[in-house]
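Taking it in order: structure first as structure tokens, then the write-up.
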Amino acid sequence: MISRTHRFHGYGSLRFLYKNGQAVRGQLFSLKYVQNPRRQTYRVAVVVSKKVNKSAVVRNRIRRRVYEAVRSQECKITTPYDIVITVFHDQVAGQSSVGLHGAIQEQLKQANII
RNA sequence: UCAGAUUAUCGGCUGAUCGCCCCGACGCUUUGCGCGUCGGAGAGGAAAGUCCGGGCAGCUCAGGGAGAGACAGUUGCUAACGGCAACCGGGGGUAACCCUAGGGAAAGUGCCACAGAAACAAUACCGCUCGUAAGAGUAAGGGUGAAACGAGUGGGGUAAAAGCCCACAGUUCCCAGUGGUGACGCUGGGAAGAGGUAAACCCUGUCUGCUGCAAGGAGACAUAUUUUCACUAAGGUUCCCGCCGAAAGUAUGUCACAAGAUCCGCUCGAUUAUGUCGGCAACGGCAAAACUAGAUAGAUGAUUAGCUAAAACAGAACCCGGCUUACGGAUAAUCUGGCAUA
RNA sequence: GGGCAAUUAGCUCAUUUGGCUAGAGCGCCACAUUGACGUUGUGGAGGUGAUAGGUUCGAAUCCUAUAUUGCCCA
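In our numbering, the protein residues as written are -9 to 104.
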């Protein structure tokens, strides 16, 4: 899980991000991001729809694994960004950790965040 | 040893590294509960479905009647229940044991397709008997159907028949005795012969006001005054009665004030485990002990090593008591039947 | 979190108070018509009435549980 300072609070900034953000699309999830000059640190949110998997346990597992993968790249993120990762397949829950970390790292690189 | 029945418990564990939420103490501090260190605590038996019952909160008092809905053997348990326990009646199993929406059809209404003469209201298709026939008597037998005035067998009886009469067996109801708190059981006597369906309407008895933490609160009280609507109105999410005018604003006084992406409600409770006493049991009394999640885009994770196999169903959102459904397996206890041996 | 509906043929919908073999339109298949296709006509196939259990002589219909889908309350 990720610290409270790196989470979103409220709907306003998320609405701004969905409207103005740029997207990098992968196989299992897509990444949306925008630079935020008003903050010192980055923020990240993971969105897992109920359509991905019915079970709350599986959805929680996906969310935690993705947060953990982002946290491992934390020291490389120097500029403050707002990031939303939208998952659209439940294979994330069963994927190997090396593959998941690699996919996250690659998409963050594509977005020029790290 | 094989095949079963019932009940209870557990629901992955341990080590290493890196992290998350809350609480407490200390230190620093730009006063933002911000940062650091140490310590404590951190999802379930179903947290699920939302099928019932309650607490709590608001709607004016939470009142009366009607309507609507739910439930239905008896006795108990419980805060309450549609839940649970024990027992009674009925059904299944060799047995241990299991299942059971189990009030009322002579209060009334409706329905019972097709077939069949006829579906509860009358009657008679083939028959049987009497009679030349017309017709009369009859319901034993045949046939139809899920079901046929619905009491079987034997005997008497008759023109032919029939509870029309008798004996035995059986059903329902009533009375008496007896056992039980009771449902009901047993024994004796009397009466009756009038299908089914109430998970059809309905009747009887019992219970229920409505909305739900996205409830609700973050100013309260008093006085004066203005405006609007109304006094047959409005004010409860079915209607009527009772009850009470209602809404908005201004000013003054007293107390209070941390500010709408926040805070409270928010977790100490019909709580949990232990002992003991009462009870067949559900459960209750008493004693001493413990504090055991409280998030708010939403905290329990990731990687790795081992056990014995990278193990099922599955994630708190105001809180409890049940029910129902999902579930890989492991363990324990009691009991039943078969076979073998002693 | 709380409340409420629906599920019938490949698709869209009927079937009123339980009754014989569940119908309609579009679609599909075959035949006829045409030189061929379309149109048109005739005929046919296709249903465990979402799943399971119960009440009843009999259930798509009544009752209970489960699954799926959709809607409302911020």
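All C-beta atoms in this analysis are idealised placements derived from N, C-alpha and C, irrespective of residue type, glycine included.
The structure presented is a predicted model; accordingly, all values stated were derived computationally and were not measured.
**Report entry** Beta-carbon proximity check, residue 4 vs residue 35, cutoff 8 Å
**Finding:** Here residue 4 refers to the residue found at position 14 of the first sequence. Here residue 35 refers to the residue found at position 45 of the first sequence. Against a cut-off of 8 Å, the Cβ pair of residue 35 and residue 4 comes out as a contact.
Report task. Could you give the DSSP three-state label for residue 67: helix, strand or coil? Result -> Start at 1 with the first residue of the first sequence, and residue 67 comes out as number 77. Residue 67 falls in the coil class under three-state DSSP.
Query raised in the report: For the putative contact between residue 73 and residue 32, defined by C-beta atoms under 8 Å, what is the C-beta separation to the nearest angstrom?
Result: In the first sequence, the residue the question calls residue 73 occupies position 83. In the first sequence, the residue the question calls residue 32 occupies position 42. By a beta-carbon distance limit of 8 Å, residue 73 contacts residue 32. Their separation comes to about 7 Å.
Query raised in the report: Using DSSP with H/G/I as helix, E/B as strand and the rest coil, what is residue 6?
Result: Working through the first sequence from its first residue, we reach residue 6 at position 16. Note: residue 6 maps to helix in three-state DSSP.
Query - Expected contact under 8 Å - CB spacing of residue 18 and residue 97 to nearest Å - result: Position 28 of the first sequence, counted from the first residue, corresponds to residue 18. Position 107 of the first sequence, counted from the first residue, corresponds to residue 97. Actually they are not in contact, since the Cβ atoms of residue 18 and residue 97 sit about 10 Å apart, beyond 8 Å.
Report task. Alpha carbon to alpha carbon, how far is residue 99 from residue 16? Give it in angstroms, no decimals. Result -> Working through the first sequence from its first residue, we reach residue 16 at position 26. Working through the first sequence from its first residue, we reach residue 99 at position 109. When rounded, the distance between both Cα atoms is 12 Å.
Query raised in the report: Is DSSP giving residue 31 helix, strand or coil here?
Result: The residue you call residue 31 lines up with position 41 of the first sequence. Collapsing the DSSP output to three states places residue 31 in coil.
Query raised in the report: Tell me, which residues are paired with residue 103 by DSSP?
Result: Walking along the first sequence from the start, residue 103 turns up at place 113. According to DSSP, which records beta bridges pairwise, residue 103 is partnered with nothing at all.
Query raised in the report: Does the Cβ-Cβ distance between residue 90 and residue 54 come in under 8 Å?
Result: For the purposes of this step, residue 90 is identified with residue 100 of the first sequence, where counting begins at 1. For the purposes of this step, residue 54 is identified with residue 64 of the first sequence, where counting begins at 1. Not a contact, by the Cβ cut-off of 8 Å.
Query raised in the report: How close, in whole Å, do the beta carbons of residue 102 and residue 70 come, if the pair is a contact with beta carbons under 8 Å?
Result: Your numbering for residue 102 matches position 112 in the first sequence. Your numbering for residue 70 matches position 80 in the first sequence. Wrong, their Cβ atoms sit about 14 Å apart, outside the cutoff.
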